[in-house]
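In this note's numbering, the protein residues as written are 72 to 326.
Working notes for the structure below.
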Amino acid sequence: MLLIILKLSNKFLKLFNILSIITEIDFLTIFKKKILRFFRNFKFFLVLFHIFALIQFESISQISSKTNLEIFDSEISAGIEKILLYPEINREQKFVFYVSTSKNNKEEKKYTEQVLRKTADKNNIRYSFAKDEKMEAPDSVYNRLAIQVIRLKAEYPVFIKNGFLGEKTMKRRIISDLAISIKNNSSSILAEENLNSKFEDEIFFEDYSRYESPEYRFTQSIPPGLSLLESIIFPAAVITASAVAAILFFAVRSK
């Protein structure tokens, strides 16, 4: 951006010098007076903008620091632990786990297996993972725990705070939808549960990507869009104002 501003400044200075030679009018001096008058009037706008920015950044809000993946971990693990505590489940017996997904999503399968493994270790449960849906094991007595991942999704539906050029926060929504069933080795159903979790909180808009995990696409989403004024018009105005300031600077130096 600085290089563009410098190039524009040099072109404007050359143009003013040519016009001054042709017309014998000191366009550079006239232009400097106009610019100085503009900046005197512009000071009022700058003061108002500064006050507005201070008000925006002084607002105190409870912004979450947890990543999307940490929330998925917490929500899914809590749901699994809840089922494992059912009185009809014998936690002393070995468990055979099997995870599937509705769209054969290897990424979601791998992640859910990791959460299941951590949850089992935390609760001192003996387990192994089955290679197929038969969930067979050499043990004479064991439990079969099957999880079907229906949906894992992160989204940022709306802005919560949307101050113009000030603090921006947005709603974060983490959705987990899983079907869990536990059977004994005779295929009798011990427990069935649908884990439907919808977690919502508030995060900063500017650095939302730090909440996401590059290795898991379900932790990523698209934030709400900025207004046309804020995303295009104002940045263009800043570049133009910077170019004008640079022209004035070089004009003063040339005298």
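Built from N, CA and C at the ideal position, the CB exists for glycine as well.
- By alpha-carbon distance to serine 257, the top candidate from Lys205, Leu249, Lys174, Arg222 is Lys205.
- Taken through DSSP and simplified to helix, strand or coil, threonine 190 comes out as helix.
- Taking serine 259 as reference, the option from Thr290, Asn175, Asn214, Pro209 with the minimal CA-CA separation is Asn214.
- In this structure, the straight-line span from the alpha carbon of lysine 153 to that of arginine 197 is close to 17 Å.
- Straight-line measurement puts the Cα of glutamine 219 at about 22 Å from the Cα of glutamine 164.
- Separation of the CB atoms of phenylalanine 270 and threonine 240 is rounded to 16 Å, and the pair is thereby denied contact status at 8 Å.
- Contact between the stretch 132-141 and the stretch 282-295 is established, with three or more Cβ pairs separated by less than 8 Å.
- Per the DSSP secondary-structure output, methionine 206 pairs with nothing in a beta bridge.
- Taking C-beta separations shorter than 6 Å and ignoring five residues to either side along the sequence, the partners of glycine 150 in its chain run Leu266, following chain order.
- Put simply, of Tyr287, Tyr169, Lys202 the residue whose alpha carbon is nearest the alpha carbon of leucine 187 is Tyr169.
- In the DSSP annotation of this structure, phenylalanine 276 is not part of any beta strand (DSSP E), being labelled neither H nor E.
- Secondary structure note for serine 148: its alpha helix (DSSP H) is the uninterrupted segment 139-155.
- Beyond the five residues adjoining it in sequence on each side, leucine 261 comes within less than 8 Å, by CB distance, of Tyr157, Glu159, Ile160, Asn214, Ile253, Lys254, Asn255 in the same chain, given in chain order.
- Under the DSSP assignment, lysine 242 falls in the beta strand (DSSP E) whose first and last residues are 239-255.
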